[in-house]
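In the working numbering, the protein residues as written are 9 to 434. Reviewing the structure listed below.
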Ligand SMILES: [Zn+2]
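Written out as structure tokens, the structure reads:
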């Protein structure tokens with residue numbers, strides 16, 4: 009089937025940031041056939057969708073998530089990070105079953121599709137359940153089994169992760185990665201084993217690094233190295249790497265980050281809410297490091313809405329630099345789309361022929377999107393996830409006129425509510 013969607017504004021996010029008003033996109037199977045002004049090409053299509061007042065743009069790639077943590081949304085909010093993890097999150101995570109994780113991931117998928125996310129990078133456990141939910145939803149997933157390397161089951165978990173990766177190595181929508189949790193939960197020896205397996209199986213690595221000041225101070229005290237330097241010594245930067253957070257990356261770290269395959273994914277709301285700090289974006293940009301955007305899990309961020317994340321990113325950089333010109337709306341939108349895609353080594357995030365048909369349409373008809381003086385500013389500073397009308401992933405329409413096509417939201421909500429209640433009372 010070949011489709012065309014016509015609407016009044018198309019933001020291509022290509023290298024020239026071309027905008028078409030009105031504009032159209034034509035796609036077949038999972039690939040964009042053409043993008044341009046209305047009537048600009050004459051390719052026959054099977055179906056035309058017309059949206060009079062919409063802004064069409066690449067969908068968002070959420071570069072860091074723990075999707076099933078939606079079941080813990082609102083649990084022990086406003087606690088310090090290590091107290092929150094040790095007292096509240098980890099004891100409950102120990103009780104999660106594969107079915108809980110499946111339902112929690114479905115809930116996250118429903119929320120992500122409804123708010124314009126087309127793909128996400130996840131680190132969790134029971135990854136077959138996560139993959140099943142992701143496949144059912146139609147989203148793209150870069151999925152990694154979280155690895156904690158401090159007990160003798162650590163190597164078994166690594167074999168399990170490699171086996172998961174082998175099974176999904178040819179999946180069109182799932183890209184397996186390895187997910188060593190962090191240097192404070194994995195020993196340097198274990199990180200070296202992860203790097204070896206990643207290299208041998210051509211896998212990328214997803215890891216939390218330099219998220220909090222305590223983490224950096226503890227790592228320095230214990231090993232005489234920053235988390236970035238420790239990860240580099242372990243060989244993790246020899247393979248494609250997704251560094252979640254990077255809030256405390258320092259000038260001393262930059263030589264270790266040269267020629268990085270991958271980049272840093274910032275989660276500004278999670279970093280703010282846990283009191284961790286603000287990404288040194290200017291430092292990373294100057295060093296030529298790719299930077300994407302993510303939400304982190306719903307237990308720390310509460311919402312998986314990437315519109316909120318773009319706003320938070322822009323606001324916090326302006327505050328950090330004390331300068332409103334230091335970070336622009338277009339930079340936030342770039343990070344959420346082609347920025348995260350670049351970190352993942354993926355060709356999405358740009359609307360042009362031959363690229364993946366991953367895009368969204370945002371309603372521009374509402375009061376808060378009026379007038380349309382600057383569509384990019386409206387998307388970043390005025391819109392919310394609730395404004396998304398269409399979400400298309402790999403050419404498949406997952407959200408049409410604001411309604412999910414692959415998932416039953418009412419059933420998922422009911423099931424998630426019951427499981428969350430049972431987990432909290434256990
Ligand atoms: Zn995380």
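Ideal Cβ positions, reconstructed from N, Cα and C, are used throughout, including at glycine. From a predicted model like this one, the values you see are computed outputs, not experimental measurements.
Rounded straight-line distance, which links the Cα of residue j to that of residue i
i, j, result
"residue 348", "residue 22", "15 Å"
"residue 57", "residue 14", "6 Å"
"residue 288", "residue 263", "16 Å"
"residue 278", "residue 81", "13 Å"
"residue 381", "residue 60", "17 Å"
"residue 174", "residue 165", "14 Å"
"residue 122", "residue 341", "18 Å"
"residue 309", "residue 87", "13 Å"
"residue 19", "residue 91", "43 Å"
"residue 211", "residue 183", "9 Å"
"residue 438", "residue 233", "Outside the displayed range of the chain (9 to 434) lies residue 438, so it cannot be described from this structure."
"residue 236", "residue 25", "33 Å"
"residue 223", "residue 231", "12 Å"
"residue 316", "residue 303", "9 Å"
"residue 62", "residue 219", "37 Å"
"residue 101", "residue 73", "15 Å"
"residue 245", "residue 269", "7 Å"
"residue 109", "residue 115", "10 Å"
"residue 424", "residue 139", "18 Å"
"residue 378", "residue 389", "12 Å"
Inter-residue CB distance, residue i and residue j (contact presumed, cutoff 8 Å)
i, j, result
"residue 189", "residue 216", "6 Å"
"residue 238", "residue 196", "6 Å"
"residue 259", "residue 227", "Actually they do not touch by this definition, with Cβ atoms about 17 Å apart."
"residue 66", "residue 356", "7 Å"
"residue 242", "residue 203", "6 Å"
"residue 120", "residue 70", "6 Å"
"residue 392", "residue 313", "7 Å"
"residue 384", "residue 344", "With a Cβ gap of about 12 Å, residue 384 and residue 344 do not count as contacting."
"residue 402", "residue 148", "7 Å"
"residue 372", "residue 17", "7 Å"
In DSSP terms, what residue i is bridged to
i, result
"residue 27", "19"
"residue 73", "130"
"residue 398", "369"
"residue 150", "129, 183"
"residue 58", "14"
"residue 271", "250, 298"
"residue 68", "125"
"residue 408", "411"
"residue 364", "39"
"residue 32", "14, 44"
"residue 8", "Because the chain is modelled from 9 through 434, residue 8 falls outside the range shown and cannot be assessed."
"residue 51", "Beta-bridge pairing links residue 51 to no other residue."
"residue 63", "17, 370"
Residue burial classification, residue i (beta-carbon count within 10 angstroms, cutoff 16)
i, result
"residue 256", "buried"
"residue 319", "buried"
"residue 98", "exposed"
"residue 387", "buried"
"residue 163", "exposed"
"residue 9", "exposed"
"residue 422", "exposed"
"residue 199", "buried"
"residue 113", "buried"
"residue 247", "buried"
"residue 64", "buried"
"residue 254", "buried"
"residue 433", "exposed"
Sequence ranges, alpha helix (DSSP H) only - wholly within the region 173–232, length at least 4: 196–208, 221–231
Can you list, in chain order, the stretches of the alpha helix (DSSP H) that have 4 or more residues and sit fully within the region 304–334? 306–309, 314–329
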